[in-house]
Amino acid sequence: MIGPNKNVKAARYGMTIDVDRCSGCGACMVACAVENNVPPAHANATDRTGLTWIRVYKIDNGLPYPETRSAYVPVMCQHCGNETPCAHVCPQQAVDVDPATGVVGEMPQRCLGCRYCIAACPYHARYFNWWDPAWPAGMEKALNPDVTPRMRGVVEKCNFCHGRWHAAKQQAAADGKPDTEPVSYTPACAEACPTKAIHFGDLNDPASLPAQAAKQGESFRMLEKLNTDTKIYYRSKRDWVRRIADAPHPAGTGKENQRG
Amino acid sequence: MTSTRRDLIKFGGGAAVGALLTPAPWRLVTDTALWSETWPGVPRVARGEIRARYTNCSLCPAGCPVRARCLGDQPVALFGVADHPFSHGTLCPFGLAGHHLPYHPQRLKQGPVEQAKAAVAEAIARCGAEERIAILDLRPGRTASWTYRRAAKQWKSGTYLAPHRILGGDAAVNLAAAKNVISVGAPLFDGWGTPGNVIAARDKFRLIQIEATESRTASLADTWVPVQPGDELQTARKFAQDLAAQGPTLVLDAGERSEILALNQTTGALGTAIVSRREAPVPDSWNQAAPESQLDALPDRSIRVLLIDESAAGSYIPWSRIEKKLVADNPVVVVFGSSADGYGRHAGFVLPTAVYPEAVDDIPPAVDSPVAMFRLSTSLVAAPAGLVNPAQFIAGFAGIDAANSLRERADAIHKAGRGNLFTYADAKSTPLKDVKADDFWKALNDGASWADEAPVRPAAPILALVASTANATEDDLPLAVLMAEAQPTPGSPILTKLYQESNLRLAANRIALHPSAAKSCGIADGGRAMLQTRCGKLEVQVTLDEGLPPGVVRVPAVPCTLDLCGTSPRAKVVRI
Chain A
1 MIGPNKNVKA
11 ARYGMTIDVD
21 RCSGCGACMV
31 ACAVENNVPP
41 AHANATDRTG
51 LTWIRVYKID
61 NGLPYPETRS
71 AYVPVMCQHC
81 GNETPCAHVC
91 PQQAVDVDPA
101 TGVVGEMPQR
111 CLGCRYCIAA
121 CPYHARYFNW
131 WDPAWPAGME
141 KALNPDVTPR
151 MRGVVEKCNF
161 CHGRWHAAKQ
171 QAAADGKPDT
181 EPVSYTPACA
191 EACPTKAIHF
201 GDLNDPASLP
211 AQAAKQGESF
221 RMLEKLNTDT
231 KIYYRSKRDW
241 VRRIADAPHP
251 AGTGKENQRG
Chain B
261 MTSTRRDLIK
271 FGGGAAVGAL
281 LTPAPWRLVT
291 DTALWSETWP
301 GVPRVARGEI
311 RARYTNCSLC
321 PAGCPVRARC
331 LGDQPVALFG
341 VADHPFSHGT
351 LCPFGLAGHH
361 LPYHPQRLKQ
371 GPVEQAKAAV
381 AEAIARCGAE
391 ERIAILDLRP
401 GRTASWTYRR
411 AAKQWKSGTY
421 LAPHRILGGD
431 AAVNLAAAKN
441 VISVGAPLFD
451 GWGTPGNVIA
461 ARDKFRLIQI
471 EATESRTASL
481 ADTWVPVQPG
491 DELQTARKFA
501 QDLAAQGPTL
511 VLDAGERSEI
521 LALNQTTGAL
531 GTAIVSRREA
541 PVPDSWNQAA
551 PESQLDALPD
561 RSIRVLLIDE
571 SAAGSYIPWS
581 RIEKKLVADN
591 PVVVVFGSSA
601 DGYGRHAGFV
611 LPTAVYPEAV
621 DDIPPAVDSP
631 VAMFRLSTSL
641 VAAPAGLVNP
651 AQFIAGFAGI
661 DAANSLRERA
671 DAIHKAGRGN
681 LFTYADAKST
691 PLKDVKADDF
701 WKALNDGASW
711 ADEAPVRPAA
721 PILALVASTA
731 NATEDDLPLA
741 VLMAEAQPTP
751 GSPILTKLYQ
761 ESNLRLAANR
771 IALHPSAAKS
781 CGIADGGRAM
791 LQTRCGKLEV
801 QVTLDEGLPP
811 GVVRVPAVPC
821 TLDLCGTSPR
831 AKVVRI
């Protein structure tokens, strides 16, 4: 794990996602794949074995048609700040939480491919490279030069566009700004969202949109009861959407009031 | 003490077993992972100078402005142009990955060009008095469309065909003027109009979505009104009467049925939210061109030569409607396209064309642009050899020089001196009268768009009210067909994220059924089935969706299903 540096003013990067504005178009998924050189699906890949650092899930209120109402929820690594489950179980120390940014990072070079972290992640936000990364002939030329493709046999996940963070740090250095200050940048999904449902910023900065949105009553986090202190704040005015985020046990099982 | 060979073997065996209990082999496993970093299976990314280039996306008529992040000359990512006054920096998922299209495995790069030329020339020569040479243009309004119309005029029996459209040609929608929008299944947030403009206007109107299923647009509407398929117009009529007194109420329809016009008359949308739009100027010499005709207006069995420009995607006309217009004996059908998945499945010749962002083409204004626009999709990537330019191919038979038609049209627009030029690199808007002709042309090629000036008083378009033909009831086909949102074919290979690696959108080989409907057919989730209509059948995979009403089947809007279901609104699903 990266050691904390007392001279660095730590950022706590996070997001706010307005579920009521998400149209489920998938632009965030495509922009993420383009930015991070995530390969197209292998012919045998399915929704369980594919690679999608961010995935938009369609959820509904569970009522029969025509009372059914649905919503789209983009889910990526929630960047747990407390007892990060994937970091705890990794035997290779391939997962770390950067104290300077709060971002949970994955180092594919260290990854053994044991997939303990996939099993430990409560948000299903980690993906395994079942196949060699392959692009159609010639398409390698169109890869993002700032991100190295990962090899078969390792786990990968959202890192809040680490390449863009690096570029922002370089730009800040070129502009003569101190290296200890957090930098401002936007991940690909937030930039691509047509409805502006996704906003990114420093949760330690009270003026940032995510920090402000986090305090609103409509805000919620996924599986808050696990106390993992995630950095993705969702928003919705619909009660049933907020309820689903806490994954309640189905009614009638007798477990409705139990924790976990 | 003497050591025997047995002792040596024991020692070796013990050492091997003991080594397994030390960290050494586990360390080796880690190192193996490190070595695997350089496996040949992992492509290496290129390095070089990064720069921005600008163009316009030509995947659909929205024509969104694009900033391409290029490594040298190679685009590696596409973004919207944030300051653009109409698109507001928005790109759809298909546009975001448009730079991958030249590398699609199904992309055509070779075709029988000389054979097609010979066959067309021979067929034109023996074209009978009652027979026609027709050009079908899926995206009318382009400069290439004018070339087709000019070519059709040169032939005695030439006909220029375009898909039927009520809105998007001479009539356009001004969303900013609407207080209420009643959408009869129109995919407002999923492929209708210009995404950025629709989203920017969204907060200013109340949206009522009348649709059998809760589509993406319905999920973001103020009110979703679930109706049985076939009851949409009746429900829309009721809402239109109730809302007419509350201000301009726009009624939009997914299928552009003529009855919708009457509703817009009732609600006062004609002249306010639906306005007349003049076309971008063209050179005077082009005005001697064939008029736009509709396929249904032609007699059956009358087309001897059919040239279909599929290079610019537009409304797809089911093949069964086209086929009955072809002469019975050996018609010549030539399709210009980038893949053989569309009309290429039915044509005698499929000629490969350049794709976005290789192709140089202009993009007509989208349905939600109340003023004319002129913007170029310029070439960011060099096209491979062996491709055909459809306009020049067709112009060659008519003896027209179309090589400089885009420049000629730009000069005609400049000569008219109306409107403003918006340049993307500096986000600057300049009155066209202040720009020189050469600078205008250069700006268009470097990334810019021209927008006509808005009329002082918007005029109501003159639209013919024609009753739609009712679909016959087909009792033996129990399921009503609902088309999913349109999708470009082929799209970027990376779109597997939406269709295969998640179930966010309906893949081309899938249909969706309510679990009870699937159960009655004996089909489980993911099961194989045959989708049957009056026009034929197709093998598909079934996805269960509890959000669908039981009596419908939802099918993707791709050429093979549009051929199957486009003229037949009912179907049945049989387990195989």
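Residue numbers (the working numbering), protein chains in the order written: chain A, 1 to 260; chain B, 261 to 836.
A virtual CB, placed ideally from N, CA and C, is assigned to each residue, including glycine.
Predicted, not measured: the structure shown is a model, and the values here were computed from it.
Around the beta carbon of B:P551, fewer than 16 other beta carbons sit within 10 angstroms, so the residue counts as exposed. Distance between A:S184 and A:M76, taken at the CA atoms: about 20 Å. Closest by C-alpha distance to B:W710, out of B:A607, B:Q370, B:C324, is B:C324.
Sequence-ordered contacts of the region 59-92 of chain A with chain B read D60, P64, Y65, P66, T68, R69, S70, A71, Y72, Q92 [C-beta pairs closer than 8 Å].
Distance from the CA of B:V565 to the CA of B:T419, rounded to the nearest whole angstrom, comes to 10 Å.
Against A:M139, the close residues of chain B are H360, Y363, P753, in the order they occur along the chain (beta-carbon pairs closer than 8 Å).
Taken through DSSP and simplified to helix, strand or coil, B:P816 comes out as strand. With a threshold of 7 Å between beta carbons, B:R476 makes contact with chain A. The distance from the Cβ of A:I17 to that of A:P74 is about 6 Å, consistent with a contact at the 8 Å cut-off.
Here the alpha carbons of B:Q554 and B:P486 stand approximately 33 Å from one another. The residue from B:E382, B:T282, B:G340 with its alpha-carbon nearest to that of B:A708 is B:G340. Shortest Cα-Cα distance from B:C825 to any of B:V813, B:R835, B:V834 involves B:V813. Closer than 7 Å to the CB of A:G24 there is at least one CB belonging to chain B. Contact of B:A337 with chain A is assigned, a C-beta pair being separated by under 7 Å. Around the beta carbon of A:H79, 16 or more other beta carbons lie within 10 angstroms, which makes this residue buried. Taking 3 residues as the minimum length, the beta strand (DSSP E) runs contained wholly in the region 146-181 of chain A are 155-157, in order along the chain. Nearest C-alpha to B:S639 among B:R313, B:R794, B:K464, B:E713: B:R313. For A:K225, no alpha helix (DSSP H) run applies, since DSSP gives it neither H nor E.
With respect to the 7 Å criterion, B:A607 and B:V593 are classified as neighbours on the basis of their beta carbons. Three or more beta-carbon pairs separated by less than 8 Å are not found between the region 188-206 of chain A and the region 221-229 of chain A, which leaves the two stretches without contact.
Unbroken alpha helix (DSSP H) runs of no fewer than 4 residues, entirely contained in the region 369-442 of chain B, are found at 373-385, 403-414, following chain order.
Of the other Cβ atoms in all chains shown, 16 or more fall within 10 Å of the Cβ of B:L351; this residue is therefore buried. The C-beta of B:N763 comes closer than 7 Å to at least one C-beta of chain A. By the criterion of a C-beta distance shorter than 6 Å, B:A572 is surrounded in its chain by R399, once the five residues flanking it on both sides are discounted. Of the residues assessed, B:I660 falls on the buried side of the cut-off, its CB having 16 or more other CB atoms within 10 angstroms.
In the structure shown, B:I783 adopts coil according to DSSP, grouped into three states. Residue pairing for B:A831: DSSP places it in a beta bridge opposite B:L739. For the region 575-588 of chain B, the set of residues with a beta-carbon nearer than 9 Å to any beta-carbon of chain A is empty. At a cut-off of 7 Å between beta carbons, B:F346 makes no contact with chain A.
Chain order gives the chain B residues near A:R152 as G301, where near means a beta carbon separation below 7 Å. Sequence-distant partners of B:V587 (beyond 5 residues in either direction) whose C-beta falls short of 8 Å from its own C-beta, in its chain, are E391, R561, S562, I563, R564. Taking every protein chain shown into account, the CB of B:E799 has fewer than 16 other CB atoms within 10 angstroms, so this residue is exposed. Setting aside the 5 residues that flank it on each side, A:A168 is surrounded in the same chain by V183, S184, Y185, each with a C-beta closer than 8 Å to its C-beta; the list follows chain order.
Taking one beta carbon from each stretch, the region 376-393 of chain B and the region 531-548 of chain B have fewer than 3 pairs nearer than 8 Å; the two do not touch.
Between the alpha carbons of A:N44 and B:L396 lies a gap of roughly 38 Å. Distance between B:S599 and B:D463, taken at the CA atoms: about 39 Å.
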